[in-house]
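A.B. asks: The sequence shown begins at 64 in my numbering and counts up by one.
One structure coming up, written as structure tokens, with questions to follow.
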Amino acid sequence: MKSKPIVSILLAASLSLPITGCSKDPGQRINQQSVKPYSTANRHPKPVLLIVIDSLMDKPLREAIQNGRAPAMQFLLARGQYFPQMVSSFPTMSVTIDSTLLTGTYADRHRVPGLVWYSDREKRMIYYGNGFKEAFKINQPQVLVDAVYQLNQVQLSKETKTIHEELADQGKDSASINAIVFRGKTEHTLKIPRLAAYSKHVPEQMTITGPKWFSYAAFAQLDPVNNRRNVRLWKKYGMNDALSGQDAAFLIQQDKLPSVTIVYFPENDNTVHRKGTAYWGGIEKADKALQSMLNAYGSWERAVNEAVWIVMGDSAQSAVAKDRQAATVELKPLLNRYRIAKINQPVSADDQLVIASNERMAYIYALDAAVPLTDLAKLLQNEDKLDIIAMKDGQHVRVASGKSGKLFFYRPGGKDTDDYGQSWTLSGEPGLVDLTAAGNRITYGKYPDVLARLYGAVHSHEGRYVVVTVKPGYELVGDSSPTHIGGGAHGSLHEQDSLVPLMISGTGTRPRTLRIVDIKDWILQLANGNSNQ
């Protein structure tokens, strides 16, 4: 029994950090440097360094720079392009976003629905680590296995290749440093930290596939000598910015930098969750780790001349009110006519519903075939704080909202086209998702790329379920799920959760669209030298 709290601390302190836009002007950026399209100029490609800062947002980034607290990012911004509003994936939770980044697909294809979800195939809940309280109530060894092994080796669809797999097929090497999603084609043996391995249900080591150069918290480091101090318990077992920066710097110093290196800086996310969306202390910390990478070149000018530098956020966060009663929305009371599975017990044959909360969104599963999804949607509509309530309806996605009798239906294919070249058939009230359709042209409002992103979640995995999000300022709560009262939270489709900055230096190109789903194709173009650098 002593192993239980030890594993809980490991998960909550490291793996659940978390294992957690369209810009209305898609061309908006600070500087006026022209953006070059792809070309077939086969010059020797520069190595690409992609740095993902969890929950990086435009406004606090600007303030950190203006206050002299982010000199590395200020340097890169002054020597490149800046796009403050790139569109994230949905749900805006890191596992789903990272899966989109690596595969270039939304959740209907990569099949990672969220941080918490129910597997109809396995008849159990999937948790990748979602906070202390949940950790004490659930099967923690299984969470460790799911987060480290199952996510990458089983649950991430084999039908969608990752950046690392694509590069390996081309005979090119790549690196992953502290990224949660990392599947590649090179086998690595991960050593489980000793405190976790005391549990009889946790293996002492795991064999995974990743890129050639691989680093993952306390499980594997590229520079174990200099990172020894960064893998302590109180430093989140290595899931920290310092380790990420040190291992990336090690590759640079050893002249081993591969075609593409993906570096994940996790700590800003937890800082914003606790201290709010205006706080930029986490950005300052990430910048110090970024400085260590630039310093490894000997001079920052040399760094931008010899490599392509891409710094981006994964999702934003919206502010949560300080009053708990006013800020939180509980779904159980709305659905209490049904038997709802409990977090501390296996899902049983008697349970009719399962609720999987992902901060500002949730999946609600109808396990009982006699429970119509339309009934669940009607019950949920009694709460006016609920923003979008969606589900499959034949070939369509059916959308409702709290305290509204209006409905909106849509499906892929049709005469209406959006800014991304995607075509749709629409009917009902498009105002529910704040879009307008005029002259066969779709324009998005406060829910960027909502049709494709919501379609992805509604079709992301097996089972019968409703997708629900909550309005800005609020957070959904379930059994012991984490709350962020007075801080920040994400998960929803709203622009406050969905728009993140993108900084590019070392190339005059940019992704085809300002969406994370289009980053992969651009990265592969850069790695192959098919761009004007």
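Built from N, CA and C at the ideal position, the CB exists for glycine as well.
1. What whole-angstrom Cβ distance do Met505 and Asp479 have, given they're in contact under 8 Å?
2. Does DSSP put Ile93 in a helix, in a strand, or in coil?
3. Can you name the residues that DSSP bridges to Arg461?
4. How many Å lie between Met120 and Gln380 at the Cα?
5. How about Met188 and Ala429: do their beta carbons lie closer than 8 Å?
6. Can you list the alpha helix (DSSP H) stretches of 4 or more residues lying completely in the segment 274-351, in chain order?
7. Looking only at C-alpha atoms, which of Ala590, Ala210 and Ile271 sits nearest to Glu250?
8. From Gly344, Val513 and Asp350, pick the residue whose C-alpha is nearest to that of Ser307; which is it?
9. Between which two residues does the beta strand (DSSP E) holding Ile427 run?
10. Is it right to say His227 is buried, meaning 16 or more other beta carbons lie within 10 angstroms of its own, or is it exposed?
11. For Asp414, tell me which candidate among Arg402, Val531 and Glu393 has the shortest Cα-Cα distance.
12. Measuring only the C-alpha atoms, how far is Gly484 from Phe472?
13. For Val383, collect the residues of the same chain with a Cβ closer than 8 Å to its Cβ; drop the 5 residues on either side in sequence, then sort them by chain order.
14. Based on Cα-Cα distance, which residue from Arg423, Lys275 and Lys254 lies nearest to Pro266?
15. Would Gly345 be called buried (16 or more neighbouring beta carbons within 10 Å of its own) or exposed?
16. CB-CB under 8 Å to Val410, same chain, minus the five flanking residues each way: which ones, in chain order?
17. In three-state terms, what does DSSP make of Gly494?
18. Would you kindly work out how many angstroms separate the C-alpha atoms of Ile5 and Met375, rounded to a whole number?
19. So Tyr212 is in the alpha helix (DSSP H); what residue range does that whole segment cover?
20. Pick out the complete beta strand (DSSP E) segments inside the segment 498-570, 3 residues or longer, and give them in chain order.
21. If you draw a straight line from the C-alpha of Lys196 to the C-alpha of Leu219, how long is it?
22. Name the DSSP bridge partner or partners of Phe146?
23. With a threshold of 16 other CB atoms inside 10 Å of the CB of Lys65, please say whether the residue is buried or exposed.
24. Buried or exposed, going by whether 16 or more other CB atoms sit within 10 Å of the CB of Glu330?
25. Which of helix, strand or coil does DSSP assign to Leu140?
26. Report the partner residues of Met375 according to the DSSP bridge assignment.
27. Could you have a look at Ser599 and say whether DSSP puts it in helix, strand or coil?
28. Taking the C-alpha atoms as reference points, what is the distance between Leu495 and Ser322?
29. State yes or no: is the C-beta of Lys448 within less than 8 Å of the C-beta of Val533?
C.D. replies: In short:
1. Checking the sequence shown, residue 505 turns out to be Ile, not Met. Yes, they are in contact, since the Cβ atoms of Ile505 and Asp479 sit about 5 Å apart, within 8 Å.
2. In this prediction, Ile93 scores a pLDDT of 31, lower than 50, which makes its location untrustworthy; no coordinate-derived value is stated.
3. Met454 and Phe472
4. 8 Å
5. no
6. 304-316 and 330-338
7. Ile271
8. Asp350
9. Met424 to Ala429
10. buried
11. Arg402
12. 19 Å
13. Ala390, Gly536, Tyr537, Glu538, Thr546, His547, Ile548, Gly549, Gly550, Gly551 and Ala552
14. Lys254
15. buried
16. Tyr181, Lys186, Arg187, Met188, Ala404, Val417 and Leu430
17. helix
18. Lying before the first or after the last residue shown, residue 5 is absent from the chain, which here runs from 64 to 596.
19. Taken as a continuous stretch (DSSP letters only), Tyr212 belongs to no alpha helix (DSSP H), as it is neither H nor E.
20. 498-501, 504-507, 528-533, 538-540 and 562-568
21. The pLDDT assigned to Lys196 is 49, lower than 50, so where the model puts this residue is not dependable; a value taken from the coordinates is nonetheless given after this. The alpha-carbon atoms of Lys196 and Leu219 are separated by roughly 26 Å.
22. Leu565
23. Confidence is the limiting factor: at Lys65 the pLDDT is only 37, short of 50, which leaves the residue's position unreliable, though a coordinate-based value still follows. That one is exposed.
24. buried
25. helix
26. Val115 and Leu565
27. For the chain, the structure presents residues 64 to 596; residue 599 sits outside this window and is missing.
28. 44 Å
29. yes
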